[in-house]
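Chemist: Sequential numbering from 1 applies to the sequence shown in the numbering used here.
Let me give you the structure first, and then I'll get to my questions.
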Amino acid sequence: MVQEESIMNRIKIFDTTLRDGEQSPGCSMNLTEKIEMAKQLEKLGVDVIEAGFAIASPMDHKSVQAIAGAVSNCSVASLARCAKGDIDAAWDAVKDAKHPRIHVFLATSDIHMEYKLKMTREQVLSRISEMVAYAKSLCDDIEFSAEDASRTDWAFLVQCCINAISAGATTLNIPDTVGYSTPQEMSDLIVYLRQNVPGIENVDISVHCHNDLGMAVANSLACIKAGATQVECTVNGIGERAGNASLEELVMALRTRQSFYDAETGINTRQIYRSSKLLSNITGVPIPPSKAIVGANAFAHESGIHQHGVLANAQTYEIMTPAEVGVPQNTMVLGKHSGKHALREKLETMGYELTDEELEAVFTRFKSLADKKKNITGSDLEALVLHRRNNVRGACRLVSHVINAGDGVPNTSCIKLTRDDEVLEEVAIGSGPLDASFKAINRMLNMDIKLESFSLNAVTDGEDAIGEAVVKLEDEHGESYTGTGLSTDIIESSIRAYVNGINKIMEANA
Numbered sequence: 001m002v003q004e005e006s007i008m009n010r011i012k013i014f015d016t017t018l019r020d021g022e023q024s025p026g027c028s029m030n031l032t033e034k035i036e037m038a039k040q041l042e043k044l045g046v047d048v049i050e051a052g053f054a055i056a057s058p059m060d061h062k063s064v065q066a067i068a069g070a071v072s073n074c075s076v077a078s079l080a081r082c083a084k085g086d087i088d089a090a091w092d093a094v095k096d097a098k099h100p101r102i103h104v105f106l107a108t109s110d111i112h113m114e115y116k117l118k119m120t121r122e123q124v125l126s127r128i129s130e131m132v133a134y135a136k137s138l139c140d141d142i143e144f145s146a147e148d149a150s151r152t153d154w155a156f157l158v159q160c161c162i163n164a165i166s167a168g169a170t171t172l173n174i175p176d177t178v179g180y181s182t183p184q185e186m187s188d189l190i191v192y193l194r195q196n197v198p199g200i201e202n203v204d205i206s207v208h209c210h211n212d213l214g215m216a217v218a219n220s221l222a223c224i225k226a227g228a229t230q231v232e233c234t235v236n237g238i239g240e241r242a243g244n245a246s247l248e249e250l251v252m253a254l255r256t257r258q259s260f261y262d263a264e265t266g267i268n269t270r271q272i273y274r275s276s277k278l279l280s281n282i283t284g285v286p287i288p289p290s291k292a293i294v295g296a297n298a299f300a301h302e303s304g305i306h307q308h309g310v311l312a313n314a315q316t317y318e319i320m321t322p323a324e325v326g327v328p329q330n331t332m333v334l335g336k337h338s339g340k341h342a343l344r345e346k347l348e349t350m351g352y353e354l355t356d357e358e359l360e361a362v363f364t365r366f367k368s369l370a371d372k373k374k375n376i377t378g379s380d381l382e383a384l385v386l387h388r389r390n391n392v393r394g395a396c397r398l399v400s401h402v403i404n405a406g407d408g409v410p411n412t413s414c415i416k417l418t419r420d421d422e423v424l425e426e427v428a429i430g431s432g433p434l435d436a437s438f439k440a441i442n443r444m445l446n447m448d449i450k451l452e453s454f455s456l457n458a459v460t461d462g463e464d465a466i467g468e469a470v471v472k473l474e475d476e477h478g479e480s481y482t483g484t485g486l487s488t489d490i491i492e493s494s495i496r497a498y499v500n501g502i503n504k505i506m507e508a509n510a
């Protein structure tokens, strides 16, 4: 008797990096950055991009609308409370998407209903039916989230789900909103809903787990094992408080332990690393070295026993390969005599597809870097590609800087910038070379900008490593902006980061 081959469960990946993830402190993005990230998520192969909360502000509405028009291979969703105004704004923002989705939510736990909503159970059930039906009258694809579902009375949650399905919901989301639950509890809840909600077999069961107790990924995987068909997550696990379930960890767990979970996703795993690096570059939030899948130490082996095993057979200590997640390999090294064709070829092998204009900008930076470094590796090139926005966008550009610093002498900085076609130059004295430089920039632009934080990291290895500077700036309205800069000269990278942040402030206030 021939044994039938089991059908692998297809798990949808609902990415909320641009909505829930952006709510993480210090992770805000401007419109250009959101569109760039959305296009990368499309390359990554996510099924749904939650582009934002359209009703939150005119800029949120504009960004959701722009993302809806920028991608075509995945659904674009906007979050909305169970209120007509929210739903109207969400639909207006996503209606031109190739695959639009409205994502409505309402809290269902007793503590939320009593203290936040001030609504009875009967009122909540009525609101779900009314608002899901209204959303359905506008859009075919409707997701309903029972906020704080993991702390909701199970019998009442069943009724909420029944009402949502009856009103036209195509996806039911069961969130662990405050990261309170455990894998066993989440698994049991999904099993209970599958057994007690009529018609649930005709809709997607989604989970959205937060990481307050460090169990977001474990909880999500337990739900998949119990029958969930969609997982909501973010790149690098960013999000409110301790963050969300990490997309890269979920996807690679399912891929590496496919026989255990009997599930697969449509993610192009070779795009994971560059998605992670792009987000880190945009937000200025570094990836911890020990971060699973994408951290610098994820495939590093220092122990002699480990090194010997890996050299003999990589599978002794590596359950996945760097190439699987798109970590660049430094097999082909470029130098100052390498041409544009060789550069394009190397970038294509790394998975980067650049327009002629983008390639020209990267090539200019490449030649400049080649004058300072003998050999340029894949990691160097990756840094140049991710930072290309610093060269081609923004009203201000750094032309030159002259620093006079030392012990017992005044720290002075002379900065020359161009703003559109205007050349600006200013000198300032500060407590250090960077303080002097930042004061000079503030003075020449007549801006009152405060430096909230500053960090400097080596992007590549060696004495001539590229240094990445990240600054957090606060404008006169109290809004925070992130600026990043790249150079083998750490003073230059710091000044470039400051100018990059200034450009974002000017763009936002234009």
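Quick reminder that beta carbons are idealized off the backbone N, C-alpha and C, glycines included.
#1: Express the C-alpha separation of residue 487 and residue 478 in angstroms, rounding to a whole number.
#2: Pull up the DSSP beta-bridge partners for residue 401, would you.
#3: Tell me where the beta strand (DSSP E) around residue 481 begins and ends.
#4: For a test of the three-state rule: what should DSSP assign to residue 74, helix, strand or coil?
#5: Cβ of residue 428 versus every heavy atom of the ligand FAD: is any distance shorter than 6 Å?
#6: What residues in its chain sit with their C-beta under 7 Å from that of residue 162, if we drop five residues either side in the sequence?
#7: So what's residue 223 in DSSP terms, helix, strand or just coil?
#8: What residue does the alpha helix (DSSP H) around residue 279 start on, and which one ends it?
#9: Going by DSSP, name the residue or residues bridged to residue 176.
#10: I'd like to check one pair, residue 493 with residue 467: are the Cβ atoms closer than 7 Å?
#11: Which runs of the beta strand (DSSP E) spanning at least 3 residues fall entirely within the stretch 25-77, listed in chain order?
#12: Skipping 5 residues on each side, what residues in its chain have a beta carbon closer than 7 Å to that of residue 64?
#13: Can you tell me whether residue 260 is buried or exposed? The criterion is at least 16 other CB atoms within 10 Å of its CB, across all chains shown.
#14: Mark residue 304 as exposed unless 16 or more other C-beta atoms lie within 10 angstroms of its C-beta, in which case mark it buried.
#15: Could you tell me the distance, in whole angstroms, from the CA atom of residue 391 to the CA atom of residue 397?
#16: Tell me whether residue 358 sits in a helix, a strand or coil according to DSSP, three-state version.
#17: Beta carbon of residue 67, beta carbon of residue 102: below 7 Å?
#18: Decide if the stretch 281-288 is in contact with the stretch 456-475; the criterion is three or more beta carbon pairs, one per stretch, under 8 Å apart.
#19: By how many angstroms is the C-alpha of residue 355 removed from the C-alpha of residue 343?
#20: By DSSP, does residue 127 sit in helix, in strand, or in coil?
#21: For residue 12, collect the residues of the same chain with a Cβ closer than 7 Å to its Cβ; drop the 5 residues on either side in sequence, then sort them by chain order.
#22: Let me know the secondary structure DSSP gives residue 509 once reduced to three states.
#23: What number of angstroms, rounded off, separates the C-alpha of residue 98 from the C-alpha of residue 27?
#24: Return the CA-CA distance between residue 175 and residue 192, expressed in angstroms with no decimal places.
#25: Taking DSSP as the reference, what is the three-state secondary structure of residue 81?
#26: Could you tell me the boundaries of the alpha helix (DSSP H) in which residue 384 lies?
#27: Cα separation between residue 425 and residue 38?
#28: Thinking C-beta only, is residue 460 closer than 7 Å to residue 379?
#29: Given this structure, state the Cα-to-Cα distance separating residue 277 from residue 248, to the nearest angstrom.
#30: Anyone know if the C-beta pair for residue 226 and residue 245 falls short of 7 Å?
#31: Nearest to residue 150 by CA position, among 106, 189, 69, is which residue?
#32: What three-state label does DSSP hand residue 342 in the structure shown?
#33: Please list the terminal residues of the continuous beta strand (DSSP E) segment that includes residue 472.
#34: On the DSSP bridge assignment, give the partners of residue 160 in chain order.
#35: Starting from residue 117, follow the alpha helix (DSSP H) in both directions and report where the run begins and ends.
Modeler: The short version:
#1: Numbered from 1 along the sequence shown, position 478 holds the residue referred to as residue 478. Numbered from 1 along the sequence shown, position 487 holds the residue referred to as residue 487. Each residue's CA atom was taken as its position, placing residue 478 and residue 487 some 29 Å apart.
#2: As a working mapping, residue 401 is identified with position 401 in the sequence shown. In the DSSP secondary-structure assignment, residue 401 is bridged to 415.
#3: Start at 1 with the first residue of the sequence shown, and residue 481 comes out as number 481. Where residue 481 is concerned, the enclosing beta strand (DSSP E) stretches over 480-487.
#4: Working through the sequence shown from its first residue, we reach residue 74 at position 74. Three-state DSSP puts residue 74 in coil, outside helix and strand.
#5: The ligand content of the structure shown is nil, which means the ligand FAD is not present either.
#6: What you label residue 162 is simply residue 162 of the sequence shown in a count that begins at 1. Taken in chain order, the residues that qualify are 197, 198.
#7: Taking the first residue of the sequence shown as 1, we reach residue 223 at position 223. Helix at residue 223.
#8: For the purposes of this step, residue 279 is taken as residue 279 along the sequence shown, with counting starting at 1. Run containing residue 279: 272-283, per the alpha helix (DSSP H) assignment.
#9: In the sequence shown, counting from the first residue as 1, residue 176 sits at position 176. According to DSSP, which records beta bridges pairwise, residue 176 is partnered with 209.
#10: Within the sequence shown, the letter at position 467 stands for residue 467. Within the sequence shown, the letter at position 493 stands for residue 493. A contact, by the Cβ cut-off of 7 Å.
#11: 48-52
#12: As a working note, residue 64 is residue 64 in the sequence shown. Around residue 64: 51, 52, 54, 78, 93, 94.
#13: Working through the sequence shown from its first residue, we reach residue 260 at position 260. Exposed: under 16 other Cβ atoms inside 10 Å.
#14: The sequence position of residue 304 within the sequence shown is 304, counting from 1. Per-residue confidence for residue 304 stands at a pLDDT of 44, beneath the threshold of 50, marking its modelled position as unreliable; no derived number is given.
#15: By one-based count along the sequence shown, residue 391 stands at place 391. By one-based count along the sequence shown, residue 397 stands at place 397. Summary for residue 391: the model assigns pLDDT 42, below 50, so the residue's position carries little reliability; its value from the coordinates is reported in the next sentence. Distance between the alpha carbons of residue 391 and residue 397: 8 Å.
#16: For this step, residue 358 is matched to residue 358 along the sequence shown. The answer is helix: DSSP assigns residue 358 an H, G or I state.
#17: Locating residue 67 in the sequence shown gives position 67, where the first residue counts as 1. Locating residue 102 in the sequence shown gives position 102, where the first residue counts as 1. Going by C-beta atoms, residue 67 is not nearer than 7 Å to residue 102.
#18: Judged by Cβ distances under 8 Å, the stretch 281-288 makes contact with the stretch 456-475, as three or more pairs qualify.
#19: For the purposes of this step, residue 343 is identified with residue 343 of the sequence shown, where counting begins at 1. For the purposes of this step, residue 355 is identified with residue 355 of the sequence shown, where counting begins at 1. Spanning the two alpha carbons is a distance of roughly 13 Å.
#20: Within the sequence shown, the letter at position 127 stands for residue 127. Correct three-state label for residue 127: helix.
#21: Translated into positions along the sequence shown, residue 12 becomes position 12. For residue 12, where only same-chain residues beyond five positions count, the Cβ hits under 7 Å are 47, 48, 204, 229, 230.
#22: If you number the sequence shown from 1, residue 509 lands on position 509. In this structure, residue 509 counts as coil in the three-state DSSP scheme.
#23: In the sequence shown, residue 98 corresponds to position 98, counting from 1. In the sequence shown, residue 27 corresponds to position 27, counting from 1. Each residue's alpha carbon lies about 28 Å from the other.
#24: Locating residue 175 in the sequence shown gives position 175, counting from the first residue. Locating residue 192 in the sequence shown gives position 192, counting from the first residue. Inter-residue distance for residue 175 and residue 192 is about 15 Å (C-alpha atoms, whole angstroms).
#25: Position 81 of the sequence shown holds residue 81. Three-state DSSP puts residue 81 in a strand.
#26: For the purposes of this step, residue 384 is identified with residue 384 of the sequence shown, where counting begins at 1. From DSSP, the alpha helix (DSSP H) with residue 384 extends over 378-386.
#27: Position 425 of the sequence shown, counted from the first residue, corresponds to residue 425. Position 38 of the sequence shown, counted from the first residue, corresponds to residue 38. Their Cα atoms are separated by approximately 37 Å.
#28: To locate residue 379, count along the sequence shown from 1; it is residue 379. To locate residue 460, count along the sequence shown from 1; it is residue 460. Against a cut-off of 7 Å, the Cβ pair of residue 460 and residue 379 comes out as a contact.
#29: To locate residue 277, count along the sequence shown from 1; it is residue 277. To locate residue 248, count along the sequence shown from 1; it is residue 248. Those two C-alpha atoms are separated by around 12 Å.
#30: Start at 1 with the first residue of the sequence shown, and residue 226 comes out as number 226. Start at 1 with the first residue of the sequence shown, and residue 245 comes out as number 245. In this structure, residue 245 does not lie closer than 7 Å to residue 226 by Cβ.
#31: Position 150 of the sequence shown holds residue 150. Minimum Cα distance to residue 150 is reached at 189.
#32: Translated into positions along the sequence shown, residue 342 becomes position 342. Looking at residue 342 - three-state DSSP - the assignment turns out to be helix.
#33: Mapped onto the sequence shown, residue 472 falls at position 472. From DSSP, the beta strand (DSSP E) with residue 472 extends over 467-474.
#34: Position 160 of the sequence shown holds residue 160. None; residue 160 has no bridge partner.
#35: For the purposes of this step, residue 117 is taken as the residue at position 117 of the sequence shown. It is not in any alpha helix (DSSP H) - residue 117 carries neither H nor E in the DSSP assignment.
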